[in-house]
Amino acid sequence: QKEVEQNSGPLSVPEGAIASLNCTYSDRGSQSFFWYRQYSGKSPELIMFIYSNGDKEDGRFTAQLNKASQYVSLLIRDSQPSDSATYLCAVNSEAGGFKTIFGAGTRLFVKA
Amino acid sequence: DTEVTQTPKHLVMGMTNKKSLKCEQHMGHRAMYWYKQKAKKPPELMFVYSYEKLSINESVPSRFSPECPNSSLLNLHLHALQPEDSALYLCASSLRQADYGYTFGSGTRLTVV
Chain A
688 QKEVEQNSGP LSVPEGAIAS LNCTYSDRGS QSFFWYRQYS GKSPELIMFI YSNGDKEDGR
748 FTAQLNKASQ YVSLLIRDSQ PSDSATYLCA VNSEAGGFKT IFGAGTRLFV KA
Chain B
153 DTEVTQTPKH LVMGMTNKKS LKCEQHMGHR AMYWYKQKAK KPPELMFVYS YEKLSINESV
213 PSRFSPECPN SSLLNLHLHA LQPEDSALYL CASSLRQADY GYTFGSGTRL TVV
């Protein structure tokens, strides 16, 4: 069974700090990597995707990918209380027929 | 239009009832998905349709029956469900199967009594 692992948290950071969320995956053949944000009682929302090694920045969000280490991370700069949510790491894999496998999610709390 | 619309938003059904969940998108996406999500758990894949054909069935019990009438619509027919089937049912779509990330609908909160 191909797996995506995340620290369930909760991760608590003060307002204005950098929140760092981490994810590891087991399928070395994975090609596409995604971060979704899910507020309590709502559906997931895609916030970042990354395909190549290195960093990808979008506003306050930076996704980092290291395929050799099978590691994906999401940095949130200048964290705001409205960033408090569960962040799901998702990985696409050709194994088993082009599936997207979700990690269990990391709960983030940003304290005002 | 950048939305996936799911109806109904809430559904309570008895174990002998038959009901259907509906999902619609007009973004030209050719892959559509049903996921089940229990509280504090990640979404769990149920079915994948790619170009209106069933691509993946994750060994879901036959009391769940998917249908894709056309490229914009996806249904999930429910029959003889169990209380443990109570969950948030999420529809999602993407440009192609397992590509470019998903757009999720707001979900149907299902309670089986």
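Protein chains in written order, with our numbering: chain A, 688 to 799; chain B, 153 to 265. Every residue gets a Cβ at the ideal spot worked out from N, C-alpha and C, and that includes glycine. Just so it is clear, the structure is predicted and the values come from calculations on it, not from any experiment.
For this session: Let me know the secondary structure DSSP gives residue 695 of chain A once reduced to three states.
Result: One-based indexing of the first sequence puts residue 695 of chain A at position 8. Looking at residue 695 of chain A - three-state DSSP - the assignment turns out to be coil, as it is neither helix nor strand.
Problem set entry | Residue-chain proximity (residue 708 of chain A, chain B), Cβ-Cβ < 8 Å | Here residue 708 of chain A corresponds to residue number 21 of the first sequence, with the count starting at 1. No, because no Cβ of chain B sits closer than 8 Å to the Cβ of residue 708 of chain A.
Problem set entry | Element boundaries [beta strand (DSSP E), containing residue 261 of chain B] | Here residue 261 of chain B corresponds to residue number 109 of the second sequence, with the count starting at 1. That run of the beta strand (DSSP E) goes 260 to 264.
Problem set entry | DSSP three-state assignment for residue 236 of chain B, whether helix, strand or coil | Here residue 236 of chain B refers to the residue found at position 84 of the second sequence. Residue 236 of chain B falls in the helix class under three-state DSSP.
For this session: Return helix, strand or coil for residue 251 of chain B, following the three-state DSSP convention.
Result: As a first step, residue 251 of chain B is located in the second sequence; it is residue number 99 there, counting from the start. Collapsing the DSSP output to three states places residue 251 of chain B in coil.
Exercise. Does the segment 211 to 231 of chain B come close enough to the segment 165 to 172 of chain B to have 3 or more Cβ pairs within less than 8 Å?
Worked result: These segments touch.
Exercise. With a Cβ-Cβ cutoff of 8 Å, do residue 301 of chain B and residue 234 of chain B count as a contact?
Worked result: Residue 301 of chain B cannot be examined here, being either before or after the span of chain B that is shown, 153 to 265.
For this session: Please classify residue 726 of chain A: is it buried, with 16 or more other beta-carbons within 10 angstroms of its beta-carbon, or exposed?
Result: Translated into the one-based positions of the first sequence, residue 726 of chain A becomes position 39. That one is exposed.
Problem set entry | Among B/243, B/255, B/194, B/258, nearest to residue 691 of chain A - alpha-carbon criterion | The count along the first sequence starts at 1 and reaches residue 691 of chain A at position 4. When C-alpha distances from residue 691 of chain A are compared across B/243, B/255, B/194, B/258, the shortest belongs to B/194.
Problem set entry | As assigned by DSSP and simplified to three states, the class of residue 770 of chain A | Within the first sequence, numbered from 1, the residue matching residue 770 of chain A stands at position 83. Reduced to three states, the DSSP call for residue 770 of chain A is helix.
Exercise. Considering residue 162 of chain B, what are the terminal residues of the beta strand (DSSP E) in which it resides?
Worked result: Locating residue 162 of chain B in the second sequence gives position 10, where the first residue counts as 1. The continuous beta strand (DSSP E) containing residue 162 of chain B extends over residues 162 to 165.
Problem set entry | Supposed close pair residue 790 of chain A, residue 693 of chain A - CB separation, criterion 8 Å | The residue given as residue 790 of chain A occupies position 103 in the first sequence. The residue given as residue 693 of chain A occupies position 6 in the first sequence. A Cβ-Cβ separation of about 4 Å places residue 790 of chain A in contact with residue 693 of chain A under the 8 Å criterion.
Problem set entry | Cβ-based burial, residue 786 of chain A [other Cβ within 10 Å; buried from 16] | Here residue 786 of chain A is taken as the residue at index 99 of the first sequence, counted from 1. By the neighbour-count criterion, in which 16 or more other beta carbons inside 10 Å mark a residue as buried, residue 786 of chain A falls on the buried side.
Problem set entry | residue 220 of chain B versus residue 767 of chain A: straight-line alpha-carbon distance, rounded | Locating residue 220 of chain B in the second sequence gives position 68, where the first residue counts as 1. Locating residue 767 of chain A in the first sequence gives position 80, where the first residue counts as 1. Looking at the two C-alpha atoms, the distance is approximately 40 Å.
Problem set entry | One or two residues paired with residue 735 of chain A in a DSSP bridge | Here residue 735 of chain A refers to the residue found at position 48 when the first sequence is read from its first residue. DSSP, once it has assigned bridges, lists A/722 as partnering residue 735 of chain A.
For this session: Note down, in chain order, every chain A residue with its Cβ under 8 Å from the Cβ of residue 221 of chain B.
Result: Numbered from 1 along the second sequence, position 69 holds the residue referred to as residue 221 of chain B. The premise fails here: residue 221 of chain B is roughly 23 Å from chain A at the closest Cβ pair, so nothing lies under 8 Å.
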